[in-house]
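Trainee: As you go down the protein sequences, you meet chains A and B in turn. Counting from 1, position 22 in the first sequence corresponds to residue 44 in the numbering used here; the numbering is continuous, with no gaps. Counting from 1, position 1 in the second sequence corresponds to residue 23 in the numbering used here; the numbering is continuous, with no gaps. Beta carbons are placed, not taken as given, at the ideal position from N, Cα and C, and that holds for glycine. Quick caveat: nothing in here was measured; it's all calculated off a predicted structure. The following block contains the structure, expressed as C-alpha cells.
Number of protein chains: 2
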Amino acid sequence: MRLAIIEAQKAFDSDEVPVGAVIVAGDRVVGRGHNLVETLTDVTAHAEMQAITAAASALGGKYLQDCTIYVTVEPCVMCAGALAWSQISRIVYGASDPKRGYNRFGKVLLHPRTEVVSGVLESECEKLMTDFFAKLR
Amino acid sequence: MRLAIIEAQKAFDSDEVPVGAVIVAGDRVVGRGHNLVETLTDVTAHAEMQAITAAASALGGKYLQDCTIYVTVEPCVMCAGALAWSQISRIVYGASDPKRGYNRFGKVLLHPRTEVVSGVLESECEKLMTDFFAKLR
Numbered sequence: 023m024r025l026a027i028i029e030a031q032k033a034f035d036s037d038e039v040p041v042g043a044v045i046v047a048g049d050r051v052v053g054r055g056h057n058l059v060e061t062l063t064d065v066t067a068h069a070e071m072q073a074i075t076a077a078a079s080a081l082g083g084k085y086l087q088d089c090t091i092y093v094t095v096e097p098c099v100m101c102a103g104a105l106a107w108s109q110i111s112r113i114v115y116g117a118s119d120p121k122r123g124y125n126r127f128g129k130v131l132l133h134p135r136t137e138v139v140s141g142v143l144e145s146e147c148e149k150l151m152t153d154f155f156a157k158l159r
Numbered sequence: 023m024r025l026a027i028i029e030a031q032k033a034f035d036s037d038e039v040p041v042g043a044v045i046v047a048g049d050r051v052v053g054r055g056h057n058l059v060e061t062l063t064d065v066t067a068h069a070e071m072q073a074i075t076a077a078a079s080a081l082g083g084k085y086l087q088d089c090t091i092y093v094t095v096e097p098c099v100m101c102a103g104a105l106a107w108s109q110i111s112r113i114v115y116g117a118s119d120p121k122r123g124y125n126r127f128g129k130v131l132l133h134p135r136t137e138v139v140s141g142v143l144e145s146e147c148e149k150l151m152t153d154f155f156a157k158l159r
C-alpha cells in the first residue's frame, strides 16, 4: 500500500484526484497506475484501469487470478467491473468512498472468488483525498 | 446501430466476442470501437471503452453529455460505470445480456440523466453473438 500511496501522490502532484494502485503477483509488482482522467481527458483512466492493463501486459495473460491489487481508495463501479473481469484474487483498499464506491451495491459486483480487505493505511489514503479537495476550494 | 454492427463484425472476424459501439454527437460519429480483449490481452478493452476514449479525444472534453452511444450488446457493469462517469445522454443497445449486463443491477449504475433505449436491431446484434459462440463449440 505504501507503493500505491506513492502513485496517488503522483496524481496529487498533477492536480488529479489522488488515487494510486499497484498490482502484485507473489512478491513482484506487475502493474501500477495513478489517476490520469484530467491529463488524458478520459473518464476511463482510473488508477486501477491502468494497473490492470499493465499487469495483464506484464504477465502475458488477461486474468489476474493470483494477484492482489492495492488501491488507495475503494474502487468505483467501473473499476469493480474491470476487477471482476480480471478475476483478481484480492482487493486491498485504503479509504472508503461512500458516494462513488462499488460498496453501494456490494460484493456482488466483484468476481465471487475475489477477497476484499479494506481500511489499510486508511488515514494516509484519506488524507491525500481531503487535502486535494481542500486545495480546490 | 448499423455502424455499430459493422464494428461488431470486425470483432467477430478477429475471433473476439462480437460487440461493437459507435458514439454520435449530433450527426457526427465521434468515436467507435470493437471488442479487443483477446487481441490486447486486456479485460478492459471492451467496445464501449474504446468508443468513450475515442469520443472524448475527438471532442476535447471528458464528458459526453450531448452524445448517444449505439452498442450492439447491453453494456456490462464496467462499461455502465464508465458511461456513468461520461454523463452520456443516451445509450441505445441491441441485444440483451442477462448474465453479464448491467441490468442485473438496474439503471442505478448509470448517470441519473442518461436515457436508455434497448432492442434496436436486436436480432441482428444477437445473431452475431450466437453465431460466434456456435463457432467456438
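Rounded to the nearest angstrom, what separates ILE113/A and ASP49/B at their Cα positions?
Mentor: Residue 113/A sits at position 91 when you count from the first residue of the first sequence. Residue 49/B sits at position 27 when you count from the first residue of the second sequence. Whole-angstrom Cα-Cα distance: 42 Å.
Trainee: Taking a cut of 9 Å between CB atoms, which residues from the stretch 76 to 90 of chain B lie near chain A?
Mentor: If the cut-off is 9 Å between Cβ atoms, the stretch 76 to 90 of chain B has ALA78, SER79, LEU81, GLY82, GLY83, LYS84, TYR85 and LEU86 near chain A.
Trainee: Going by C-alpha distance, which of LYS84/A, VAL130/A and GLU60/A is nearest VAL99/A?
Mentor: Looking up residue 99/A in the first sequence gives position 77. Nearest option by C-alpha distance: VAL130/A.
Trainee: Which residues, in order along the stretch 85 to 119 of chain B, keep a beta-carbon less than 9 Å from a beta-carbon of chain A?
Mentor: Listed in sequence order: TYR85, LEU86, CYS98, VAL99, MET100, CYS101, ALA102, GLY103, ALA104, LEU105, ALA106, TRP107, SER108 and GLN109.
Trainee: For SER118/B, does the three-state DSSP call read helix, strand or coil?
Mentor: Locating residue 118/B in the second sequence gives position 96, counting from the first residue. Looking at SER118/B - three-state DSSP - the assignment turns out to be coil, as it is neither helix nor strand.
Trainee: For the beta strand (DSSP E) that THR94/B lies in, which residues bound it at each end?
Mentor: The residue you call residue 94/B lines up with position 72 of the second sequence. First-last of the beta strand (DSSP E) with THR94/B: 89 to 95.
Trainee: Using a Cβ-Cβ cutoff of 7 Å, what residues of the stretch 62 to 75 of chain B are near chain A? List them in chain order.
Mentor: From the stretch 62 to 75 of chain B, only THR63, ASP64, VAL65, THR66, MET71, ILE74 and THR75 have a Cβ closer than 7 Å to chain A.
Trainee: Looking only at its own chain, which residues have a Cβ that is under 6 Å from the Cβ of ILE74/A, when we skip the five neighbours before and after it?
Mentor: In the first sequence, the residue the question calls residue 74/A occupies position 52. ALA104 and SER108.
Trainee: Let me confirm a value: THR94/A is counted as buried when at least 16 other C-beta atoms fall within 10 Å, else exposed. Which label applies?
Mentor: Counted from its first residue, the first sequence places residue 94/A at position 72. Label assigned to THR94/A: buried.
Trainee: Would you check if there are 3 or more beta carbon pairs closer than 8 Å linking the stretch 78 to 86 of chain A to the stretch 55 to 64 of chain A?
Mentor: Contact between the stretch 78 to 86 of chain A and the stretch 55 to 64 of chain A is absent, because fewer than three Cβ pairs lie under 8 Å.
Trainee: Could you run through the stretch 118 to 132 of chain A and flag, in chain order, every residue whose CB is less than 7 Å away from some CB of chain B?
Mentor: So the list reads PHE127 and LEU131, given in the order they occur along the chain.
Trainee: What is the residue span of the alpha helix (DSSP H) that ARG135/A lies within?
Mentor: For the purposes of this step, residue 135/A is taken as residue 113 along the first sequence, with counting starting at 1. Careful: ARG135/A lies outside any alpha helix (DSSP H) and carries neither H nor E.
Trainee: Mind checking which residues open and close the beta strand (DSSP E) that includes ARG50/B?
Mentor: Here residue 50/B corresponds to residue number 28 of the second sequence, with the count starting at 1. First-last of the beta strand (DSSP E) with ARG50/B: 50 to 56.
Trainee: Run through the DSSP bridge pairs and tell me what ALA43/B is partnered with.
Mentor: Start at 1 with the first residue of the second sequence, and residue 43/B comes out as number 21. Paired residues: GLY55/B and VAL93/B.
Trainee: By Cβ distance below 7 Å, which residues in the same chain neighbour ALA102/A in space, the five residues on each side in sequence not counted?
Mentor: If you number the first sequence from 1, residue 102/A lands on position 80. Correct list, in chain order: TYR124, LEU131 and LEU132.
Trainee: Three or more C-beta pairs under 8 Å: does that hold for the stretch 27 to 35 of chain B against the stretch 138 to 158 of chain B?
Mentor: The answer is yes - the stretch 138 to 158 of chain B touches the stretch 27 to 35 of chain B, with three or more Cβ pairs under 8 Å.
Trainee: Residues in its own chain within less than 8 Å of GLY51/A by CB, not counting five upstream and five downstream?
Mentor: Counting from one through the first sequence, the residue named residue 51/A turns up at place 29. Per the sequence shown, residue 51/A should be read as Val rather than Gly. Excluding positions up to five away in sequence, the list reads LEU25, VAL44 and ILE45.
Trainee: Going by CA-CA distance only, name the one from HIS68/A, ILE110/A, PRO97/A and ARG159/A that's closest to LEU81/A.
Mentor: As a working note, residue 81/A is residue 59 in the first sequence. Comparing Cα-Cα distances from LEU81/A to each of HIS68/A, ILE110/A, PRO97/A and ARG159/A, the minimum goes to ILE110/A.
Trainee: Distance check for ARG54/B and GLN72/B, CA to CA, integer angstroms please.
Mentor: As a first step, residue 72/B is located in the second sequence; it is residue number 50 there, counting from the start. As a first step, residue 54/B is located in the second sequence; it is residue number 32 there, counting from the start. Those two C-alpha atoms are separated by around 7 Å.
Trainee: Our contact map puts ASN57/B next to ALA69/B with C-beta atoms below 8 Å; I'd like the distance itself, whole angstroms only.
Mentor: In the second sequence, counting from the first residue as 1, residue 57/B sits at position 35. In the second sequence, counting from the first residue as 1, residue 69/B sits at position 47. Rounded, the Cβ-Cβ distance is 5 Å, consistent with contact.
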